[in-house]
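Read the structure below first, then the notes.
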Amino acid sequence: MSFTVAIVGRPNVGKSTFFNRLLEQRKAIVDDISGVTRDRQYGVTDWNGKTFNVIDTGGFVPNSEDIFETEIRKQVVIAIDEADAIIFMVDAAVGITDLDEAMANMLRRATKPVLLAVNKVDNPERQLLATEFYAFGFDHTYFISSMSGSGTGDILDQLTSYITEEASEETKAETELPKFAIIGQPNVGKSSLLNALLGSERTIVSDIAGTTRDTIHTRYNLFQKDFVLIDTAGIRKKNKDKDDLEFYSIIRAIRAM
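Numbered per this note's numbering, the sequence shown spans residues 680 to 936.
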């Protein structure tokens with residue numbers, strides 16, 4: 680079996696920026712507004728000769744009744760269940776919040792390695808502030824900067840120590856599978872089709888246009904053949920009122936073709 684790492688945490692701590700840095704490409708859409716990432720986003724990277732999967736997730740907000748935050752919670756739980764190791768990301772600039780506490784309490788019950796990544800440690804003052812996160816009591820705590828890459832090597836060294844050669848080779852094989860993209864206008868049922876094929880809630884589905892933002896890659900087996908299905912954001916006719924998120928979503932959908 681391949682090795683998978685999930686990046687989890689509350690909204691706007693820098694998970695997608697870190698995900699993109701690990702993959703060395705801008706695969707996940709990044710924006711200052713909360714809730715940009717919704718579905719689980721998968722990528723593959725390598726370090727120290729070991730290849731592994733990485734899952735980016737949306738911001739975890741417990742007890743929220745918001746339609747998207749409720750669905751994101753489900754996606755985060757699935758990612759944690761799928762993962763062999765977890766990166767729990769927090770924000771040194773903000774400090775410990777109630778949402779961080781809720782996430783920490785949940786992850787303490789995990790039966791797999793949890794690496795606490797204190798992000799946005801961009802100067803000595805932030806490094807001093809970041810020490811408060813030791814109170815969470817996780818065995819592995821790292822001070823990092825998703826923007827500059829500082830501290831990334833240390834956390835990757837620890838992650839790759841868990842990966843066997845067999846798991847690494849399995850992950851490499853997955854990257855060579857043929858890919859098929861599901862393309863169409865907003866709200867025509869692309870995500871519903873993907874979920875129906877997979878028989879699971881792989882992507883968030885709603886009646887709201889623009890629910891899917893990133894391109895979502897999923898391994899699929901049919902007639903004993905493995906390949907990758909790609910769900911994409913809806914592509915609509917040219918519109919001068921497109922915002923940045925829609926623009927980048929469409930660019931990724933076009934690239935998937």
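Backbone N, C-alpha and C define an ideal beta-carbon position, used for all residues, glycine too.
Source: prediction; values computed, not measured.
How far does the alpha helix (DSSP H) with Val756 in it reach, from first residue to last?
-> 746 to 761
Exercise. Could you tell me how far apart the beta carbons of Phe767 and Val793 are, in whole angstroms, since I believe they sit closer than 8 Å?
Key: 6 Å
Report task. For Arg788, count neighbouring C-beta atoms within 10 Å of its own C-beta (all shown protein chains included) and say buried if the count is 16 or more, exposed if not. Result -> exposed
Check: Measuring CB to CB, does Met782 end up less than 9 Å from Arg689?
Finding: Going by C-beta atoms, Met782 is nearer than 9 Å to Arg689.
According to DSSP, what are the bridge partners of Thr897? Leu908
> DSSP three-state call for Ala685: helix, strand or coil?
Replying inline: Annotated three-state conformation of Ala685 is strand, per DSSP.
Residues sharing a beta bridge with Leu794, DSSP
Ile766, His819
- Task: Mind checking who Asn732 pairs with in its DSSP beta bridge?
- Result: Bridge partners of Asn732: Thr683, Val723.
*Just to confirm, are Gly830 and Ala860 a CB contact at a threshold of 9 Å?*
no
Q. In three-state terms, what does DSSP make of Ser885?
A. Note that Ser885 has pLDDT 48, beneath the 50 cutoff, so the model's placement of it is unreliable and no number is given.
Selected residue, minimal CA-CA separation from Ala814, among Thr776, Glu849, Phe747, Gln903
Thr776
How would you call Asp745, buried or exposed, if buried means at least 16 neighbouring beta carbons within 10 angstroms? exposed
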